[in-house]
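Colleague: Starting off with a structure, shown below.
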Amino acid sequence: MPEEKIIEFTFLTLSFVAILIGIILVILFNKYIGRKNKLLESQRKSEEEHEKHLQAIELKALRSQMNPHFVHNSLNAIQYFIQRNEVDLSETYLVKFSKLIRLFFEYSRRQFITLEEEIELLENYIQIEQLRFEDRLSYSIDIDQEIDVSEYTIPSMILQPIVENAINHGLFHKKGNGKVIIKFIYRNPTTFWVYVEDDGIGVLKAREMFQNSSKNYKSRSSAVLQERLELLNQTKDWNITYTIQDLSEVNQNSGTLVSLIFNQLYKS
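Count along the sequence shown from 1, add 42, and you get the number used in the working numbering.
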């Protein structure tokens, strides 16, 4: 075969191989893009489903805060003060109750609120319970100086159900006065601890007492809180540790200690 023919044949062969390789690369690239798009679409749907699930849990959390027992007790207390002709006290109770309901609905629309807003809600709620308990309930809220309550944020509707459990399942069944202590403790710029402690009957005794309808409500409330914390831990925003202890197992005192560690994974 003449040298020119060999060169031409070699050139055509190489051209064919190059075209074939190009076609294969295009096919592989299209498959890669297709798989990547499917993966992104799957991730998007998964995130949407997770968001919907989180919103459903947040709605359940709002319902647990707006439980019929609390509303019923509050309205009964207002009626009681009116019947005793304590107009000023009934007006004070009604104003605080109305403000608390407004805060519930306002904060339920937001995933995160500032610690300042959270503390405002907690104080309003506890002060309502103080009126109902008629001075048998006291509380303190301690905040580390390193914590700027206007800057630090917290997932909404987390602490109030815990404080409500402390009051209604711990202190309500205690003879005499009771106290709730809430502490916000600085750990580092993105992490803080929250302790909710009461000197009531303790979580172990409370579980023994609530074997009928009251326990069922408490279990639902705790289940909603636990599920919400698990969902928050699945996000890229928070890592939250939650523990509950009966103080009789720690220092022989009566009461319950709830501990939460809020670690904000992303903070602008």
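Glycine included, each C-beta is placed from N, C-alpha and C at the ideal position. These numbers come from a predicted model, not from an experiment.
How about K225 and Y237: are their beta carbons less than 8 Å apart?
Modeller: Indexing the sequence shown from 1 puts residue 225 at position 183. Indexing the sequence shown from 1 puts residue 237 at position 195. Cβ atoms of K225 and Y237: closer than 8 Å.
Colleague: Between the beta-carbon of V191 and the beta-carbon of I161, is there less than 8 Å?
Modeller: Along the sequence shown, read from residue 1 onward, the residue named residue 191 stands at position 149. Along the sequence shown, read from residue 1 onward, the residue named residue 161 stands at position 119. Yes, they are a contact pair.
Colleague: Smallest Cα separation from Y308: which of G242, N219 and T232?
Modeller: If you number the sequence shown from 1, residue 308 lands on position 266. Checked all of G242, N219 and T232; the closest Cα to Y308 is T232.
Colleague: May I ask you to verify whether the segment 182 to 197 touches the segment 150 to 158, counting CB pairs closer than 8 Å and requiring at least 3?
Modeller: They touch, by the three-pair rule.
Colleague: Kindly indicate if chain D contains any beta-carbon less than 8 Å away from that of T195.
Modeller: In the structure shown, chain D cannot be found, because there is only a single protein chain.
Colleague: At what residues does the alpha helix (DSSP H) containing E11 begin and finish?
Modeller: Here the chain comprises residues numbered 43 to 310, so residue 11 is not present and cannot be evaluated.
Colleague: Under DSSP, the beta strand (DSSP E) around D184 begins and ends at which residues?
Modeller: Here residue 184 is taken as the residue at index 142 of the sequence shown, counted from 1. Residues L179 to I185.
Colleague: Considering just the uninterrupted stretch of the alpha helix (DSSP H) at V238, what are its terminal residues?
Modeller: Your numbering for residue 238 matches position 196 in the sequence shown. Not the alpha helix (DSSP H): V238 falls in the beta strand (DSSP E), residues T233 to D240.
Colleague: How about T285 and D240: are their beta carbons less than 8 Å apart?
Modeller: Taking the first residue of the sequence shown as position 1, residue 285 is located at position 243. Taking the first residue of the sequence shown as position 1, residue 240 is located at position 198. Cβ atoms of T285 and D240: not closer than 8 Å.
Colleague: Considering only C-alpha positions, which residue in the set I204, R229 and K216 is nearest to A265?
Modeller: Here residue 265 is taken as the residue at index 223 of the sequence shown, counted from 1. Ranking I204, R229 and K216 by Cα distance to A265 puts I204 first.
Colleague: Applying the 10 Å Cβ sphere with the 16-neighbour rule, what's the burial state of F147?
Modeller: Position 105 of the sequence shown holds residue 147. Exposed is the call here.
Colleague: For a test of the three-state rule: what should DSSP assign to I209, helix, strand or coil?
Modeller: Within the sequence shown, numbered from 1, the residue matching residue 209 stands at position 167. DSSP places I209 in helix when its eight states are reduced to three.
Colleague: Compare the C-alpha of H215 against each of M251, S290, Y149 and Y74 and name the closest.
Modeller: Here residue 215 is taken as the residue at index 173 of the sequence shown, counted from 1. The residue with the shortest Cα to Cα distance from H215 is M251.
Colleague: Taking 7 Å as the cut-off, does the CB of V292 come closer than this to any heavy atom belonging to the ligand FAD?
Modeller: Although the ligand FAD was asked about, the structure shown includes no ligands whatsoever.
Colleague: Could you give the DSSP three-state label for V222: helix, strand or coil?
Modeller: Residue 222 sits at position 180 when you count from the first residue of the sequence shown. Strand at V222.
Colleague: For I75 and I282, I'd like the C-alpha separation in whole angstroms.
Modeller: Here residue 75 corresponds to residue number 33 of the sequence shown, with the count starting at 1. Here residue 282 corresponds to residue number 240 of the sequence shown, with the count starting at 1. Distance between the alpha carbons of I75 and I282: 37 Å.
Colleague: Only counting the same chain, and skipping five residues up and downstream in sequence, which positions put a Cβ closer than 6 Å to that of N305?
Modeller: Numbered from its first residue, the sequence shown carries residue 305 at position 263. Closer than 6 Å at Cβ, skipping near neighbours: T233 and N281.
Colleague: Can you pull the DSSP bridge partners for I227?
Modeller: Position 185 of the sequence shown, counting from 1, holds the residue named residue 227. According to DSSP, which records beta bridges pairwise, I227 is partnered with W235.
Colleague: For K141, which residues in the same chain have their Cβ closer than 7 Å to its Cβ, ignoring the five residues on either side in sequence?
Modeller: The count along the sequence shown starts at 1 and reaches residue 141 at position 99. Closer than 7 Å at Cβ, skipping near neighbours: N166.
Colleague: Beta strand (DSSP E) containing S301: first to last residue?
Modeller: The residue labelled residue 301 in the question sits at position 259 within the sequence shown. Element bounds for S301: T298 to Q306.
Colleague: Only counting the same chain, and skipping five residues up and downstream in sequence, which positions put a Cβ closer than 7 Å to that of K138?
Modeller: The count along the sequence shown starts at 1 and reaches residue 138 at position 96. Here the set comprises N166, Q169 and I170.
Colleague: Would you tell me roughly how many angstroms separate the C-alpha atoms of Y122 and D130, rounded to the nearest one?
Modeller: Residue 122 sits at position 80 when you count from the first residue of the sequence shown. Residue 130 sits at position 88 when you count from the first residue of the sequence shown. Straight-line Cα distance between these residues: approximately 13 Å.
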